[in-house]
Amino acid sequence: DMERKKRRAHEASEVMAEDVTEEVEEIKARHFEESMKYARRSVSDADIRKYKSFARTLQQSRGFGGEFKFAAHRPQARAGANATDQFSAAGDDAAFDVDLLN
1 DMERKKRRAH EASEVMAEDV TEEVEEIKAR HFEESMKYAR RSVSDADIRK
51 YKSFARTLQQ SRGFGGEFKF AAHRPQARAG ANATDQFSAA GDDAAFDVDL
101 LN
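All the letters of the sequence shown, read from the start, carry residue numbers 1 to 102 under the UniProt record's numbering.
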């Protein structure tokens with residue numbers, strides 16, 4: 001009796017160890033269409049109005065800085081200056097000294 005239980009347990013573990021692949025159908029548009037037949041509305045008109053108001057506020061706050069542009073005058077690198085020299089030269093930053101808060 002004990003030997004038979006061990007054998008069954010061993011056989012069951014071998015069956016479980018096998019890599020069994022099951023074909024699963026791909027979810028397609030027809031599945032969604034079928035499910036929508038039984039769907040019901042879960043969002044109230046008041047919630048939609050709140051969301052639209054929030055979306056407008058968010059869009060307005062994102063608009064800040066949309067017209068940002070650098071100053072028209074940009075200092076030119078001096079002839080013979082390498083890439084590191086053009087950024088470290090004294091006085092080149094003067095063209096970009098702009099009071100951004102006023």
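Glycine included, C-beta positions come from ideal geometry on N, C-alpha and C.
Would you kindly work out how many angstroms separate the C-alpha atoms of A39 and A72, rounded to a whole number?
CA-CA distance, A39 to A72, rounds to 57 Å.
First and last residue of the alpha helix (DSSP H) that includes E34?
Looking at the DSSP string, the run of the alpha helix (DSSP H) that includes E34 is 29-36.
Taking R49 as part of the alpha helix (DSSP H), name the residues at either end of that continuous run.
It spans 45-62 - the alpha helix (DSSP H) in which R49 sits, taken as one unbroken run.
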